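Going from the sequence shown to my numbering is simple: count from 1 and add 18. Here a beta-carbon is modelled for each residue, glycine too, at the ideal position from N, C-alpha and C. For clarity, every value in this text was computed on a predicted model and none was experimentally measured. I have placed the structure first, in the form of structure tokens, so that the comments after it can refer back to it.
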Amino acid sequence: MLARLQAALMGCWVVAVLWGLQWALVQQASVAKACGVLALALTWHAAWLTLTFLLMSWRNRFDAAPKPSLSECLRAWRAEVLVAPRVFGWQQPFRSQRWPDFLSEPPSGSSAAAVGVVLVHGFVCNRGLWNPWMERLRALAIPHVAVNLEPVFGLIDDYPDIIERAVQRLTQATGRPPLIVAHSMGGLATRAWLQRYQADARVAGVVTIGTPHQGTWLAHWGSAPNARQMAPGGAWLTQLASSEPASRAGRFVCYFSHCDNIVFPAMTAVLPGARAVHIRGAAHVDLIHRAEVFDEVLAVLRTAQASVHGTGSCQA
Numbered sequence: 019m020l021a022r023l024q025a026a027l028m029g030c031w032v033v034a035v036l037w038g039l040q041w042a043l044v045q046q047a048s049v050a051k052a053c054g055v056l057a058l059a060l061t062w063h064a065a066w067l068t069l070t071f072l073l074m075s076w077r078n079r080f081d082a083a084p085k086p087s088l089s090e091c092l093r094a095w096r097a098e099v100l101v102a103p104r105v106f107g108w109q110q111p112f113r114s115q116r117w118p119d120f121l122s123e124p125p126s127g128s129s130a131a132a133v134g135v136v137l138v139h140g141f142v143c144n145r146g147l148w149n150p151w152m153e154r155l156r157a158l159a160i161p162h163v164a165v166n167l168e169p170v171f172g173l174i175d176d177y178p179d180i181i182e183r184a185v186q187r188l189t190q191a192t193g194r195p196p197l198i199v200a201h202s203m204g205g206l207a208t209r210a211w212l213q214r215y216q217a218d219a220r221v222a223g224v225v226t227i228g229t230p231h232q233g234t235w236l237a238h239w240g241s242a243p244n245a246r247q248m249a250p251g252g253a254w255l256t257q258l259a260s261s262e263p264a265s266r267a268g269r270f271v272c273y274f275s276h277c278d279n280i281v282f283p284a285m286t287a288v289l290p291g292a293r294a295v296h297i298r299g300a301a302h303v304d305l306i307h308r309a310e311v312f313d314e315v316l317a318v319l320r321t322a323q324a325s326v327h328g329t330g331s332c333q334a
């Protein structure tokens, strides 16, 4: 659904740019105006990102996270300006099926299959977000399943059944509880899945990347049901937190950044009681492109795999 929507938006963008160029060149006979139209079309997202960075800096003034330097903010902004068009204008609308799920069954009579990974995207995203990860995981022969959370603008409560099916597929294929890696809202969907299915024993662990565990200030301005559920102090987040056992947070590793321009204040991306890892100078989407995040997931997988061989269990 999201791929079709974003592809349609990209088509409308192309038509609008062509119309603007035709208007500037033919009707006004002005190369300068044509260049202005083209520059506006190519940089409007940079202006939007600038606004989110300014809001992030304002709201992070009194946050407990380390304060970024100006150069860190500028580098984070530049990285997000470059990565956002690739994700939202190419990977998700046109390449979301480029890398199919990769399931590796253990050899007959063996239980030596690798621990797999379930990849869960966030708000206004689909499985195409994870294309770089899926390419690398496949090259390493690590089984993985990437979900599409739909309806796109539904409730977070609509998503646990989708995650459940992915976990079942991967567990059946490998014979091992998988690791869940979730970006942004996907981490909240994962927590909702854990609570609905009481599934703590069915995962090797959970890694969240830029997840608004305690909400995000931007959600106050959201109109979609799932966006409103991410408001800090809101009824949905409060109810979820109150229903979770205290021990669950110990299964989580939370990656967050003081330059996250979508989930802020920065410390809201940390689930109380979880292991928190701060990535300096990384914006929201760019977080999943950081080598240290992928390397951490590989380290968690190695630990889980060692636990499999050592104890016959994948409990974290």
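Taking the continuous beta strand (DSSP E) assigned at A157, which residues delimit it? Along the sequence shown, one-based indexing puts residue 157 at 139. That residue, A157, is in no beta strand (DSSP E); its alpha helix (DSSP H) goes 149 to 157.
I198 and V221: beta carbons closer than 9 Å? Counting from 1 along the sequence shown, the entry for residue 198 is found at position 180. Counting from 1 along the sequence shown, the entry for residue 221 is found at position 203. In this structure, V221 lies closer than 9 Å to I198 by Cβ.
Beta strand (DSSP E) containing I227: first to last residue? Counting from one through the sequence shown, the residue named residue 227 turns up at place 209. Its beta strand (DSSP E) spans residues 223 to 227.
For A164, which three-state DSSP category applies? The residue labelled residue 164 in the question sits at position 146 within the sequence shown. Here A164 sits in strand by DSSP.
Can you tell which of I227, A219, A294, A191 has the C-alpha that lies nearest to the C-alpha of F141? Here residue 141 refers to the residue found at position 123 of the sequence shown. Per the Cα distances, I227.
Pull up the distance between the alpha-carbon of G107 and that of G29, whole angstroms please. Here residue 107 is taken as the residue at index 89 of the sequence shown, counted from 1. Here residue 29 is taken as the residue at index 11 of the sequence shown, counted from 1. Approximately 10 Å, taken between the alpha carbons.
Do the CB positions of V318 and V225 come within less than 9 Å of each other? Within the sequence shown, numbered from 1, the residue matching residue 318 stands at position 300. Within the sequence shown, numbered from 1, the residue matching residue 225 stands at position 207. Yes, the pair counts as a contact, with Cβ atoms nearer than the cut-off.
Apply the 10 Å Cβ neighbour rule to D304 and answer buried if 16 or more other Cβ atoms are within range, or exposed otherwise. Locating residue 304 in the sequence shown gives position 286, counting from the first residue. Answer is buried; the Cβ neighbour count reaches 16.
How about L212 and R293: do their beta carbons lie closer than 9 Å? Within the sequence shown, the letter at position 194 stands for residue 212. Within the sequence shown, the letter at position 275 stands for residue 293. Going by C-beta atoms, L212 is not nearer than 9 Å to R293.
Spatially closest choice to V185 from F282, H201, T229, D218, by CA coordinates: Locating residue 185 in the sequence shown gives position 167, counting from the first residue. The shortest Cα separation from V185 among F282, H201, T229, D218 belongs to D218.
Segment contact flag, the stretch 91 to 104 with the stretch 132 to 147, C-beta cutoff 8 Å, min 3 pairs: no
Could you check which residue in N144, L167, S122 has the C-alpha nearest to that of L158? Residue numbering aside, residue 158 sits at position 140 when the sequence shown is read from its first letter. Measuring from the Cα of L158, the nearest candidate turns out to be S122.
Let me confirm a value: R116 is counted as buried when at least 16 other C-beta atoms fall within 10 Å, else exposed. Which label applies? Counting from one through the sequence shown, the residue named residue 116 turns up at place 98. Exposed.
Based on DSSP bridge pairs, tell me the residues matched to V138. Residue numbering aside, residue 138 sits at position 120 when the sequence shown is read from its first letter. A200.
I'd like to confirm the pairing. Which residues does DSSP put opposite H296 in its beta bridges? The residue labelled residue 296 in the question sits at position 278 within the sequence shown. Partner(s): F274.
Based on the DSSP secondary-structure assignment, which residues constitute the bridge partners of F312? On the sequence shown, residue 312 is found 294 positions in, with the first residue counted as 1. Paired residues: none, contrary to the question.
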